[in-house]
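Notes follow once the structure below has been shown.
Residue numbers (my numbering), protein chains in the order written: chain V, 176 to 294; chain U, 4 to 150.
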């Protein structure tokens, strides 16, 4: 019987690849505006006042973008972290590390779904 | 009439034990020479997990009401958050530049009857999409578009 992680490999690689591609494309404006622009006063704070942020995020497109902004970086991140663990610590502990990391990403994805639904 | 020679006629009855050297890390791993970019690319995984969790917190705060959202924006003004976001932006740009650089090299010679476009065209298209989508979303988030 195939190891469950091997069966999930195509899905994990899809999420990992999209995490790099779409995650990077979506994180860039998030960091520029939400991470740096507003805190540094370059962008007026009322641009993302609660009312406006809620209006943008509660639209279907807004929910999908937010879901992508959470789920895709998480999967990209855990897959790269798994390989960092292998590179630095060898493959012996991968049987424990990989399921733990993917479980973290799966849990985060589930919470992301709940978070975008409850906006 | 002679038969064809059997290539296995002189083979030993039992296969010999294959001797392998114990695996060892290359001398320059992890931060020397070309391993530096490789290791840094892997380490951006930590940044991406943290960023994913931070966007999750922001989305959760938005769903929890105006007070939660204001408190989150206030937290984002702290030096620690600003420094983290600055480092994260450098990390995200590094990932994009490195990954988009791989993209043209990873194309198959043919996709059905079609040949993929030349590498520089693919690269230019990727950068155009990255810059275009980032500019559009910056405009939306900063209030320049959909005000």
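Built from N, CA and C at the ideal position, the CB exists for glycine as well.
Worksheet item: Where does residue 28 of chain U sit, in a helix, a strand or coil, going by DSSP?
Response: If you number the second chain from 1, residue 28 of chain U lands on position 25. DSSP places residue 28 of chain U in coil when its eight states are reduced to three.
Worksheet item: Got a sec: is the Cβ-Cβ distance from residue 102 of chain U to anything in chain V below 7 Å?
Response: Taking the first residue of the second chain as 1, we reach residue 102 of chain U at position 99. Using a Cβ-Cβ cut-off of 7 Å, residue 102 of chain U counts as an interface residue toward chain V, since at least one Cβ of chain V sits closer than that to its own.
Item to complete: Work out the CA separation of residue 200 of chain V and residue 240 of chain V for me, nearest whole Å.
Response: Taking the first residue of the first chain as position 1, residue 240 of chain V is located at position 65. Taking the first residue of the first chain as position 1, residue 200 of chain V is located at position 25. When rounded, the distance between both Cα atoms is 11 Å.
Item to complete: Kindly list the residues whose CB is nearer than 8 Å to the CB of residue 197 of chain V, restricted to its own chain and excluding five residues on each side of it in sequence; keep chain order.
Response: Stepping through the first chain from its first residue, residue 197 of chain V is reached at position 22. When the five nearest sequence neighbours on each side are left out, the beta carbons in the same chain lying within less than 8 Å of the beta carbon of residue 197 of chain V are those of 243 and 247, in order along the chain.
Practice prompt. Would you verify that the beta carbon of residue 51 of chain U is, or is not, closer than 7 Å to some beta carbon of chain V?
Written response: By one-based count along the second chain, residue 51 of chain U stands at place 48. Yes, residue 51 of chain U lies at the interface with chain V (some Cβ there is under 7 Å from its Cβ).
Worksheet item: Would you report the Cα separation of residue 213 of chain V and residue 106 of chain U, rounded to the nearest angstrom?
Response: Within the first chain, residue 213 of chain V is the residue found at index 38, counting from 1. Within the second chain, residue 106 of chain U is the residue found at index 103, counting from 1. Rounded to the nearest angstrom, the two C-alpha atoms are 33 Å apart.
Worksheet entry | Simplified DSSP assignment, three categories, for residue 218 of chain V | Within the first chain, numbered from 1, the residue matching residue 218 of chain V stands at position 43. Note: residue 218 of chain V maps to coil in three-state DSSP.
Worksheet entry | residue 117 of chain U, DSSP secondary structure in three states | Numbered from its first residue, the second chain carries residue 117 of chain U at position 114. Reduced to three states, the DSSP call for residue 117 of chain U is strand.
Worksheet item: How would you write the range of the alpha helix (DSSP H) that residue 273 of chain V sits in, first residue to last?
Response: For the purposes of this step, residue 273 of chain V is taken as residue 98 along the first chain, with counting starting at 1. Note, residue 273 of chain V: alpha helix (DSSP H), 269-292.
Worksheet item: Taking just the CA atoms, how far does residue 68 of chain U sit from residue 110 of chain U?
Response: Residue mapping note: residue 110 of chain U aligns to position 107 of the second chain, counting from 1. Residue mapping note: residue 68 of chain U aligns to position 65 of the second chain, counting from 1. When only Cα atoms are considered, residue 110 of chain U and residue 68 of chain U end up about 47 Å apart.
Discussion item. So for residue 182 of chain V, helix, strand or coil by DSSP?
Written reply: Stepping through the first chain from its first residue, residue 182 of chain V is reached at position 7. The answer is helix: DSSP assigns residue 182 of chain V an H, G or I state.
Worksheet item: Going by C-alpha distance, which of V:180, V:294, V:250 and V:268 is nearest residue 51 of chain U?
Response: Taking the second chain and counting its residues from 1, one reaches residue 51 of chain U at position 48. Of all alpha-carbon atoms in V:180, V:294, V:250 and V:268, the one lying nearest the alpha-carbon of residue 51 of chain U is that of V:250.
Item to complete: Would you please verify whether the beta carbon of residue 179 of chain V is less than 7 Å from any beta carbon of chain U?
Response: For the purposes of this step, residue 179 of chain V is taken as residue 4 along the first chain, with counting starting at 1. Not closer than 7 Å to any Cβ of chain U, the Cβ of residue 179 of chain V fails to qualify, so no.
Worksheet item: By how many angstroms is the C-alpha of residue 135 of chain U removed from the C-alpha of residue 128 of chain U?
Response: Within the second chain, residue 128 of chain U is the residue found at index 125, counting from 1. Within the second chain, residue 135 of chain U is the residue found at index 132, counting from 1. Roughly 10 Å between the two C-alpha positions.
Worksheet entry | First and last residue of the uninterrupted alpha helix (DSSP H) at residue 104 of chain U | Numbered from its first residue, the second chain carries residue 104 of chain U at position 101. Counting along the chain, the alpha helix (DSSP H) containing residue 104 of chain U begins and ends at 82-108.
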